[in-house]
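Here is the structure we will look at, set down as structure tokens.
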């Protein structure tokens, strides 16, 4: 018993030290890593934003998703593809079948071979997928300072930053799945001049929220009043970043609302089933001698 208590106290001390170290690290803002010569990225962790699709009853804001699609179409699609997202799924954003057909027709896709055995291009239809702006990965890298822009189909699920201790403990009971959108928003709004004494390679841009280095090849893609909104939403970098982050979350997980709805019904069923099992047990053993 004494050994058990001692072990529990030791674990508590270790956890406390870990929490203190985590808090000290956050307060330092990554400066300590730079001084020690072992930088850790991202230098600053993304801030947890408020999303409509967060939480047990989260849902997508279709108006925001439509604005995010507009930002992607007018800005991001010049470099980034979404080859796993078909045009037909845009009906989930509130567009009619005719609107989806008209939107898809703005793109051209390669098809074939034809009767002569040759490939040809045609206007896209709803069953087609968002095409890549480059013919291949090598061409994409050559046009972007040697760094091929990543595909955006699953980027919101692939770019989550580990939250560390003690947040990950709470995430075990109340899952946190918005790390990707938080990261994308922080990256798009986090461009800044490098601090004194920090040098970045030529052709790169300092961003303390970038997960792989202190700077990245992509220049700041957004600026105020760059995209015109029809619904009166603010035309600012912050709003653009929020909208496109939400849109990319939808692209990566279009069935999120159905999944949460199903999960809630399953939990309700399990609670009712557990209650019935308990009542059945009481009824069966009520008049039994123990």
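In mature numbering (1 follows the signal peptide of the UniProt record, and there is no 0), the protein residues as written are -24 to -1, 1 to 266.
Backbone N, C-alpha and C fix where the C-beta goes; we use that ideal spot for every residue, glycine too.
Predicted, not measured: the structure shown is a model, and the values here were computed from it.
According to DSSP, residues forming a beta bridge with residue i
i	result
residue 22	DSSP output for residue 22 lists no bridge partner at all.
residue 192	181
residue 99	84
residue 105	62
Nearest-angstrom Cβ-Cβ length linking residue i and residue j, presumed shorter than 8 Å
i	j	result
residue 23	residue 158	7 Å
residue 109	residue 55	6 Å
residue 224	residue 123	Contact doesn't hold; Cβ gap of about 19 Å is too wide.
residue 58	residue 217	At roughly 17 Å, the Cβ-Cβ gap does not stay under 8 Å, so residue 58 and residue 217 are not in contact.
residue 211	residue 203	7 Å
residue 191	residue 172	Not a contact, Cβ separation roughly 15 Å.
residue 130	residue 60	7 Å
residue 222	residue 75	At roughly 20 Å, the Cβ-Cβ gap does not stay under 8 Å, so residue 222 and residue 75 are not in contact.
Three-state secondary structure (DSSP) of residue i
i	result
residue 242	helix
residue 135	coil
residue 62	strand
residue 17	coil
residue 72	coil
residue 212	coil
residue 36	coil
residue 170	coil
residue 261	helix
residue 47	helix
residue 164	helix
residue 28	coil
residue 253	helix
residue 154	coil
residue 8	The predicted position of residue 8 is uncertain, since its pLDDT is 43 and thus under 50; a value taken from the coordinates is nonetheless stated next. Helix at residue 8.
residue 176	coil
Reference residue i, options the options, closest by Cα
i	options	result
residue 27	173, 113, 192 and 215	215
residue 163	36, 177, 189 and 243	189
residue 135	197, 20, 186 and 234	186
residue 98	247, 86 and 207	86
residue 242	32, 70, 63 and 25	32
residue 230	67, 201, 168 and 47	67
residue 96	102, 88 and 149	88
residue 168	181, 102 and 51	181
residue 47	249, 244, 205 and 254	205
residue 107	93, 53 and 183	53
residue 120	193, 253, 50 and 71	193
residue 104	92, 252, 247 and 83	83
Local Cβ density within 10 Å of residue i, reported as buried at 16 or more and exposed below that
i	result
residue 257	exposed
residue 161	buried
residue 197	buried
residue 153	buried
residue 261	exposed
residue 43	buried
residue 238	exposed
residue 80	buried
residue 143	exposed
residue 165	buried
residue 113	exposed
residue 45	buried
residue 36	buried
residue 38	exposed
residue 93	exposed
Cβ-heavy atom distance, residue i to the ligand NAP, below 8 Å
i	result
residue 201	Inclusion of the ligand NAP in the displayed structure is not the case, the ligand content being empty and no account of it being possible.
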